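The listed protein sequences derive, respectively, from chains L and W. In terms of this note's numbering, the first sequence is residues 2 to 142. In terms of this note's numbering, the second sequence is residues 2 to 142.
2 protein chains.
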Amino acid sequence: MTKQKSNTLSDSEVQQRLRAIGLRPTRQRLALATLLFAQGDRHVSADDLFKEARANGIAVSLATIYNTLHEFTAKGLLRAVSVDSLGTYFDTNASDHHHFFFERSGHLQDIPKNNVHISSLPQAPKGTKVSRVDVVIRLKD
Amino acid sequence: MTKQKSNTLSDSEVQQRLRAIGLRPTRQRLALATLLFAQGDRHVSADDLFKEARANGIAVSLATIYNTLHEFTAKGLLRAVSVDSLGTYFDTNASDHHHFFFERSGHLQDIPKNNVHISSLPQAPKGTKVSRVDVVIRLKD
DNA sequence: ATTTGTGCAAATCGTTTGCATCTGA
DNA sequence: TCAGATGCAAACGATTTGCACAAAT
Chain L
2 MTKQKSNTLS DSEVQQRLRA IGLRPTRQRL ALATLLFAQG DRHVSADDLF KEARANGIAV
62 SLATIYNTLH EFTAKGLLRA VSVDSLGTYF DTNASDHHHF FFERSGHLQD IPKNNVHISS
122 LPQAPKGTKV SRVDVVIRLK D
Chain W
2 MTKQKSNTLS DSEVQQRLRA IGLRPTRQRL ALATLLFAQG DRHVSADDLF KEARANGIAV
62 SLATIYNTLH EFTAKGLLRA VSVDSLGTYF DTNASDHHHF FFERSGHLQD IPKNNVHISS
122 LPQAPKGTKV SRVDVVIRLK D
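What follows is the structure, encoded as structure tokens:
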């Protein structure tokens, strides 16, 4: 049972959100943003979203799915995660957190940020600065 | 400093190592193992190794490169690492350690294991057990 | 009117597979 | 001999690109 929608942001809400980040609220961006953020945290692949869109009668091409996913990621609405080389998942939870990775299924699950504490980190090589620290706990399931 | 190459293991050494893990010491496996482990720790892509082999006059097909890399990984001689979805790197350091990832170049660098301490980990979901914990420190360079 | 976005199909890229042919033990 | 290994080329799956057309401001 998927988390039920206490969701479905209104079109105008989504519209404003898109404008706020500098993206024109086109039909497909509106539709995709609504799909993506209506439910709780998810990890969707481009193909997942493509199928979901079609299932909901939204006419959008795969190329646009990719464009949109990347734009949203660049704007901080999504976070791209990829483990092993099985494509990329886009996490609708863009906040700082880590993941469990089920090796068998290739499935990802969020780990609340405060459930993982890194007590010591090496210093970043000179001339660089830490962009982000990703922790993936691989599970044998 | 990097481990100096007092390297170039003798053929017989490599041969024994391969036999020890149950792989027939064929020409190409011998040659590839020698290339891979002659130098210190490295992160090579299948294509890197392919080119390196050809450059050294070793006749081997790309398919065999992949087969060999995967066999070595399965046997614990190598460790597969992949960040973002830029293909897979095979780390000649198969011990437990983490990585710096230079976002601009896509380059990887080992971080000695004891330079990163994780003081608290969430418990693994029931029915699963932790296979490995990967930490990647992404660097803006 | 301009600028920006979209769709489609072809093109890339890394990796895998099928299968006929070799090779090591 | 013969299971196991290799090479080649075709097949693949995810992602990107080029370009003409459509939509947003």
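Glycine is no exception: its CB is placed at the ideal position from the N, C-alpha and C atoms. Predicted model only: the values in this text are computed from it and were never measured.
Compute the distance between the beta-carbons of residue i and residue j, then report whether it is under 8 Å.
i        : j        : result
W:ALA54  : W:ALA34  : no
W:PHE38  : L:PRO126 : no
L:SER83  : W:SER46  : no
L:VAL134 : L:ILE119 : yes
W:VAL136 : L:VAL136 : yes
Where residue i and residue j are concerned, what is the direct C-alpha to C-alpha distance, given to the nearest angstrom?
i        : j        : result
W:ASN57  : W:ARG20  : 24 Å
W:PHE51  : L:LEU36  : 44 Å
L:THR144 : W:TYR67  : Residue 144 of chain L is absent from the model: chain L starts at 2 and stops at 142.
W:ALA75  : L:SER62  : 39 Å
W:HIS99  : W:ASP48  : 23 Å
W:ARG43  : W:VAL131 : 26 Å
L:THR69  : L:SER13  : 19 Å
W:PHE91  : L:ASN116 : 30 Å
L:LEU24  : L:LYS114 : 29 Å
L:ASP97  : W:SER121 : 16 Å
L:GLN29  : L:LEU10  : 15 Å
L:ARG18  : L:THR27  : 12 Å
In this structure, what does DSSP give as the bridge partners for residue i?
i        : result
W:ILE138 : L:VAL134, W:PHE101
Looking only at its chain, what residues have a beta carbon closer than 6 Å to the beta carbon of residue i, apart from the 5 residues adjacent to it on each side?
i        : result
L:HIS108 : none
L:ASP142 : PHE103, ARG105
W:PHE1   : Here chain W covers residues 2 to 142 and nothing more, so residue 1 of chain W does not appear.
L:ILE22  : LYS76
Grab me the residues of residue i's own chain with a C-beta within less than 7 Å of its C-beta, minus the 5 sequence neighbours each way, in chain order.
i        : result
L:GLY77  : ALA95
L:THR93  : LEU37, PHE38, ASP42, ARG43, LEU79
W:ARG139 : PHE102, GLU104
- Message: At 3 residues or longer, what runs of the beta strand (DSSP E) sit wholly inside the region 43 to 130 of chain W?
- Response: 80 to 82, 90 to 92, 99 to 103, 108 to 112, 118 to 121
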